[in-house]
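Numbering (this note's numbering), first residue to last: 7 to 240.
Note that the Cβ used here is the ideal one computed from N, Cα and C, for glycine as well.
This structure is a prediction, so every number in the text was calculated from the model and none was measured.
If you want it as structure tokens, here you go:
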């Protein structure tokens, strides 16, 4: 008998098994079953919705990672220049004092601002640090040019990811939660697809048996992964 999908399956797992079930159906000759075709059509739509939601989640996660990396680079720059402002070498100390004066106009509190405000302030700070009259001073500070360049790279990476995130967000007038879509998909599979295949496999085993067994294997493979994960967590 075909198992039902374990409801604690991960979003990506449900999306994968649903996609495989849809793909397997297309290799059958069951398109004459209007009810089953309707289920598959609905499931295919859910796969598209969930895939889009997962993509948004992935980009959002990448955005957070890029922001954390940018923050780490900025902290390193602040701490480096602060340390150099106490350097025993008079030339390095004087140069670092000028650089720290620029950094202090913004302060490390910018790391606590929203994405938009932090980006604006970081761009402004990098603009100040790129002034021609500061280049010789910055060059005197060991490691400072490299960290400023790293900060610029981190900022550029963050902005590129942010644009991708906003473009993805803008494609949907109503953002659909991946978890909610997953629940709907599991219900569709368990309450319609599985039940229909169980019944039809008994009535017409030759026609429905191959597809039913394929779906059963797809779900069984998924459920086994979920069970193993439970065992590890226990």
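- For residue 113, there is no enclosing alpha helix (DSSP H), as DSSP gives it neither H nor E.
- Closest option to residue 81, judged by alpha-carbon separation, among 196, 153, 215 and 166: 153.
- The residue among 34, 36, 157 and 208 with its C-alpha nearest the C-alpha of residue 76 is 157.
- Residues of the same chain with a CB within less than 6 Å of the CB of residue 24, apart from the 5 flanking positions on each side, are 49, 53 and 191 in chain order.
- For residue 45 against residue 199, the beta-carbon gap comes to about 5 Å, under 8 Å, which counts as contact.
- In this structure, DSSP gives residue 151 a helical state, which the three-state scheme calls helix.
- In the structure shown, the three-state DSSP call for residue 7 is coil.
- Under the 10 Å beta carbon count, residue 97 is surrounded by fewer than 16 other beta carbons and is classified as exposed.
- Annotated as distal: residue 43 and residue 217, with beta-carbon spacing of 7 Å or more.
- Under the 10 Å beta carbon count, residue 228 is surrounded by 16 or more other beta carbons and is classified as buried.
- Excluding the 5 residues flanking it on each side, residue 112 has same chain C-beta neighbours closer than 6 Å at 127 and 131, in chain order.
- In the assembly as shown, residue 169 is an exposed residue. Its beta-carbon has fewer than 16 other beta-carbons within 10 Å.
- For residue 129, the secondary structure class from DSSP, reduced to helix, strand or coil, is helix.
- The beta carbons of residue 188 and residue 17 sit closer together than 7 Å.
- Remark: C-beta atoms of residue 91 and residue 79 do not approach each other more closely than 7 Å.
- Apart from sequence neighbours up to five positions away, the residues of its chain that approach residue 214 with a beta-carbon distance below 6 Å are 206 and 207, ordered along the chain.
- Boundaries of the alpha helix (DSSP H) around residue 29: 17-31.
- Put simply, the backbone Cα of residue 7 is about 11 Å away from that of residue 221.
- It is roughly 11 Å from the alpha-carbon of residue 148 to the alpha-carbon of residue 83.
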